[in-house]
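Data first, discussion second: the structure below is written as structure tokens.
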Amino acid sequence: MTLHLPDANGTLRPYEPRTEPLRLSPGTPFTSRTVFSAAHVVADPYADVSPDSPAAVDWDATLAFRCHLWSHGLGVAEAMDTAQRGMGLDWAGAAELIRRSAAEARAVGGRIACGVGTDQLTGGSLAEIRAAYEEQLAVVEEAGAQAILMASRALAATATGPEDYLEVYGHLLRQAGDPVVLHWLGPMFDPALEGYWGSSDLDAATEVFLEVVAAHPDKVDGVKISLLDAGREIALRRRLPRGVRCYTGDDFHYPELIAGDEQGFSHALLGIFDPLGPLAAEAVRVLDTADTAGFRALLDPTVALSRHLFQAPTRFYKTGVVFLAWLAGHQSHFAMVGGLQSARSLPHLARAYELADQLGLFPDPKLAEERMRTLLALYGVTR
């Protein structure tokens, strides 16, 4: 049946939903790329909480979604910004998420890496920031997961120059038990990170970032770059020490960055691979056969959806990710921790549905259509 979807001009337009999904099954492990999906958390819709309350998480549904990603061969990047770190999920909730997900990963043989930050703090001295990082690093290492050193709002607020970043990160890398992933998250994802690495000039910031890596190459498994600038990522990855991976976090240019060029390629740690999980996995398996054209043919058409979900204000992309998980049947509701389901407009969500449906992302198109129709009715669209 025809759906009538609202557009940005406030008018309704007819849309004929797809009737058949893109059928994708789990396959062999990846051989050419290391690929992580930054996974969302599922809220408990029956919890009597307010947006200011600690997050109420549906643990069964949250872990089931991770098993879905692992079943397709993807690694899980846990407790990252996709999981609403600092936007509804506090450190206590993130610590529990890390412990539960790491235990589940051991049980099913899934790969997991977990975010280490300083979100216990709102500010503080450099010593307090180091201690906060150390506390979180200990939780991740004790859980048996790889650590991802995330950017710190507290450090961005406290640091007076590049030397403070060099000191804090050098201290953490020296004590890390195993090689970590360094995550450079740009201010488009989190405005509080403006001027990270000691400068708002990205060229100057890049030099400091590379200095950290060069001083501790044995402790850096890779770097994750989330600046939405393909040229800058390519230039940076060409300067990494041998053996240090570049994990793209660019949700605008990921097909070309993962495919690479004659001088190298990027691995992936992406929020968009939450809704794209099975399709992304199939594309990487095609790339494993050295069929770059086939890889691009599968993944290039997904960029329009990704650019839509990650449009400014980019930090609210999580709303679209959870919305698509609901439509796809991975959870029974469209509620989010912190009430963030209200962060995107109905026209935005309608377009997300349309783009995802055209890609065949919904295992049950009829269910997705019915849920979209329910949402439209809630907003007063009855046609």
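Just so you know, we're using this note's numbering here: the sequence shown kicks off at 995 and counts up by one.
All C-beta atoms, glycine included, are put in the ideal place defined by N, C-alpha and C.
- A buried status is given to T1200, since no fewer than 16 other beta-carbon atoms sit within 10 Å of its beta-carbon.
- Taking the CA atoms as reference points, L1166 sits about 28 Å from A1224.
- Bounds of the beta strand (DSSP E) holding P1000 are L997 to P1000.
- By the 16-neighbour rule on beta-carbons within 10 angstroms, G1271 is buried.
- M1081 is positioned such that its CB atom lies no closer than 8 Å to that of G1314.
- R1027 is positioned such that its CB atom lies closer than 8 Å to that of V1278.
- Restricting attention to alpha helix (DSSP H) runs no shorter than 4 residues, the stretch 1274-1298 encloses them at 1286-1293, ordered along the chain.
- A distance of 8 Å or more separates the beta carbons of L1299 and F1317.
- I1252 is the residue among I1252, H1327 and L1160 whose C-alpha sits nearest the C-alpha of F1267.
- In its chain, beyond the 5 residues on either side, G1082, L1083, G1087 and V1331 have a beta carbon closer than 6 Å to the beta carbon of A1049.
- In the structure shown, I1266 falls within a coil segment according to DSSP collapsed to helix, strand and coil.
- By the neighbour-count definition (other C-beta atoms within 10 Å, threshold 16), V1174 is a buried residue.
- The Cβ-Cβ distance between P1341 and D1351 does not fall below 8 Å.
- Taking P1015 as the centre and dropping the five residues before and after it, the same chain places the C-beta of G1354, L1355, F1356, P1357, D1358 and P1359 closer than 8 Å to its C-beta, in chain order.
- Along the stretch 1116-1182, the beta strand (DSSP E) occurs as fully enclosed runs of 3 or more residues at 1140-1143 and 1174-1179, listed in sequence order.
- Residue environment for M995: exposed (fewer than 16 other C-beta atoms within 10 angstroms of its C-beta).
- Contact annotation, T1076 with A1141: C-beta distance approximately 17 Å; criterion of less than 8 Å not satisfied.
- DSSP lists I1219 and A1262 as the beta-bridge partner residues of T1242.
- Taken through DSSP and simplified to helix, strand or coil, E1072 comes out as strand.
- In the DSSP annotation of this structure, the continuous segment of the alpha helix (DSSP H) that includes F1059 starts and ends at W1053 to S1065.
- In this structure, E1129 lies near Q1114, with their beta-carbon atoms less than 8 Å apart.
- In the three-state scheme derived from DSSP, where H, G and I count as helix and E and B as strand, F1304 is classed as coil.
- A residue is called buried when at least 16 other Cβ atoms come within 10 angstroms of its Cβ; T1296 meets this threshold and is buried.
- In the DSSP annotation of this structure, the continuous segment of the alpha helix (DSSP H) that includes F1317 starts and ends at Y1311 to L1321.
- Looking at the DSSP output, P1008 bridges to H998.
- Your pair A1151 and G1103 does not check out as a contact, with CB atoms roughly 40 Å apart and the cut at 8 Å.
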